[in-house]
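Q:
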Amino acid sequence: MNVSNKIVIITGAAGVIGQATARLFAEEGAKLVLVDLFKKDLEQITQKSPLQEAEYLLVEADVTKEEDVENYIQQTVDTFGRIDVLFNNAGIEGDVSDVKDTTVKNMSKVINVNVMGVFLGLKHALRVMVDQNSGSIINTASDAGISSAVGLGAYVASKHAVIGLTKTAALECAETGVRVNAICPASINSRLMRSLEEGTSDPEQAREEYKSKIPMKRYGEPNEVAQVVLFLASDRASFVTGSHYNVDGGRLAK
Ligand SMILES: NC(=O)c1ccc[n+]([C@@H]2O[C@H](COP(=O)([O-])OP(=O)(O)OC[C@H]3O[C@@H](n4cnc5c(N)ncnc54)[C@H](O)[C@@H]3O)[C@@H](O)[C@H]2O)c1
């Protein structure tokens, strides 16, 4: 895909999808800026190949805080001179509860990380990319950004917002050559899915129900998400902007 030497920021890099994407980009020769809440988690993932051999910068940041976002953007520019790709991926699932039982605290937290975090990443990366007249941003939405998910109202609302922000930002910078897209993974084999399953009264049944909604009858693997991010980041996607790509085993085709 020729992302060799591209400067790639990944938020939520210590998480399951972030890590898989960091490993894939490292294999492809990209220079990485790995962002997450705790540096020690990032240090842990860089102990192993292929990240061990990659050129990378680790930045501790809370994506909901504008000063932290400005800092990871500035550190990237100071270290590497430009930003080619932002994988705007940090996100949380929140608690499992019907809308009528959802607390304001849970709603605020999920919206803050999943919407404010993505918005701040977009805002500050776009300032650099628009000046460069180049760059690709990939926001992590979800199948929950297109359809509904019972018990996940806050998450569903947040991921719908990510798609709206993606389309709007894409149009605002389309003439500059900067591209903005979203990905919509369905259930991926991950800590996040374990947490959603365990938030129900019968985790085993919940897992079977999640799988049964996917025509391929299985969860996706983190690397299957990373492969789509790689395509959208690469110059092969040069005419792709304002789109959302489903990585869902056919879930949204139903
Ligand atoms: N796993 C799935 O099935 C699935 C499906 C659809 C979409 N997604 C989305 O994919 C993205 C990654 O999910 P994942 O499965 O890798 O989850 P994960 O929990 O393994 O990783 C998320 C990472 O984000 C980090 N993070 C959380 N809040 C943060 C903050 N305020 N500032 C900085 N970092 C923060 C966490 O520390 C964690 O490392 C999320 O946006 C999630 O909503 C996941």
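For what it's worth, my numbering labels the leading residue of the sequence shown as 465, then goes sequentially. Ideal placement from N, C-alpha and C gives every residue a C-beta, glycine not left out.
(1) Could you check the C-alpha separation between V704 and L696 for me, to the nearest Å?
(2) On the DSSP letters alone, give me the boundaries of the alpha helix (DSSP H) that S431 sits inside.
(3) In chain order, what residues of the same chain have a beta carbon less than 7 Å from the beta carbon of H624, not counting five sequence neighbours either side?
(4) Compare the C-alpha of N603 against each of S665, K675, S707 and E688 and name the closest.
(5) Taking three-plus beta-carbon pairs below 8 Å as touching, is the stretch 636-654 in contact with the stretch 592-600?
(6) For the stretch 637-666, list the beta strand (DSSP E) runs that are entirely contained and at least 3 residues long, ordered along the chain.
(7) Who are the Cβ neighbours of A670 in its own chain at under 6 Å, not counting the five residues just before and after it?
(8) Taking the alpha carbon of E517 as the point to measure from, which residue in S611, D532, Q538 and G493 has its own alpha carbon closest?
(9) Assuming T567 is part of the beta strand (DSSP E), what are its boundary residues?
(10) Run the CB neighbour count on M680, radius 10 Å, all protein chains shown included, and call it buried at 16 or more, exposed below.
(11) Could you check the C-alpha separation between F502 and G479 for me, to the nearest Å?
(12) Restricting to runs no shorter than 3 residues, where is the beta strand (DSSP E) found entirely within the stretch 594-638?
(13) To the nearest angstrom, how far is it from the Cα of E491 to the Cα of I601?
(14) Under 6 Å from any heavy atom of ligand 1, does the C-beta of D500 make it?
(15) Would you call S622 buried or exposed, if buried means 16 or more other Cβ atoms sit within 10 Å of its Cβ?
(16) Classify E524 as helix, strand or coil using the three-state DSSP reduction.
(17) Tell me, to the nearest whole angstrom, how far the beta carbon of L716 is from that of S611; I am working on the premise that it is less than 8 Å.
(18) Could you tell me if D548 is buried or exposed, where buried requires 16 or more neighbouring beta carbons within 10 angstroms of its beta carbon?
(19) Give me whichever residues DSSP pairs with D500 in a beta bridge.
(20) Return the CA-CA distance between N641 and A701, expressed in angstroms with no decimal places.
(21) Assess, as a yes-or-no matter, whether the stretch 471-488 is touched by the stretch 505-523 under the definition of 3 or more beta carbon pairs within less than 8 Å.
(22) In three-state DSSP terms, what is G558?
(23) Excluding the five sequence neighbours on either side, which residues of its own chain have a C-beta within less than 8 Å of the C-beta of P514, listed in chain order?
(24) I want to know whether the stretch 645-660 touches the stretch 557-575 - three or more CB-CB distances under 8 Å.
A: The short version:
(1) Within the sequence shown, residue 704 is the residue found at index 240, counting from 1. Within the sequence shown, residue 696 is the residue found at index 232, counting from 1. Their backbone Cα atoms lie some 8 Å apart in a straight line.
(2) This structure leaves residue 431 out entirely; the chain is present only between 465 and 718.
(3) Looking up residue 624 in the sequence shown gives position 160. The residues are G609.
(4) In the sequence shown, counting from the first residue as 1, residue 603 sits at position 139. That would be S707, whose Cα lies nearest to the Cα of N603.
(5) yes
(6) 643-649
(7) As a working note, residue 670 is residue 206 in the sequence shown. Counting only Cβ-Cβ distances below 6 Å, and skipping sequence neighbours, we find E661 and T664.
(8) Sequence index remark: in the sequence shown, residue 517 carries index 53 (1-based). Ranking the options by Cα distance to E517, first place goes to G493.
(9) Here residue 567 refers to the residue found at position 103 when the sequence shown is read from its first residue. No beta strand (DSSP E) contains T567, which DSSP labels as neither H nor E.
(10) Residue numbering aside, residue 680 sits at position 216 when the sequence shown is read from its first letter. M680 is classed as exposed because its beta carbon has fewer than 16 other beta carbons within 10 Å across all chains shown.
(11) Within the sequence shown, the letter at position 38 stands for residue 502. Within the sequence shown, the letter at position 15 stands for residue 479. Straight-line Cα distance between these residues: approximately 11 Å.
(12) Within the stretch 594-638, the runs of beta strand (DSSP E) at least 3 residues long that lie entirely inside it are, in chain order, 600-604.
(13) Indexing the sequence shown from 1 puts residue 491 at position 27. Indexing the sequence shown from 1 puts residue 601 at position 137. So the two alpha carbons sit approximately 20 Å from each other.
(14) For the purposes of this step, residue 500 is identified with residue 36 of the sequence shown, where counting begins at 1. Yes, since a heavy atom of ligand 1 falls inside the 6 Å radius drawn around the Cβ of D500.
(15) Taking the first residue of the sequence shown as 1, we reach residue 622 at position 158. Label assigned to S622: buried.
(16) Reading the sequence shown from its first residue, position 60 is the one you call residue 524. DSSP places E524 in strand when its eight states are reduced to three.
(17) In the sequence shown, counting from the first residue as 1, residue 716 sits at position 252. In the sequence shown, counting from the first residue as 1, residue 611 sits at position 147. Their Cβ separation, rounded to whole angstroms, is 6 Å, which keeps L716 and S611 in contact under 8 Å.
(18) The count along the sequence shown starts at 1 and reaches residue 548 at position 84. Result: buried.
(19) For this step, residue 500 is matched to residue 36 along the sequence shown. The partner list for D500 (beta bridge, DSSP) reads E524.
(20) Position 177 of the sequence shown, counted from the start, is the residue given in the question as residue 641. Position 237 of the sequence shown, counted from the start, is the residue given in the question as residue 701. Reading off the sequence shown, one finds Gly at residue 641, where the question assumed Asn. Roughly 12 Å between the two C-alpha positions.
(21) yes
(22) Position 94 of the sequence shown, counted from the first residue, corresponds to residue 558. In the structure shown, G558 sits in coil (DSSP, three-state: anything other than H, G, I, E or B).
(23) Walking along the sequence shown from the start, residue 514 turns up at place 50. Same-chain partners within the cutoff: R487, A490 and E491.
(24) yes
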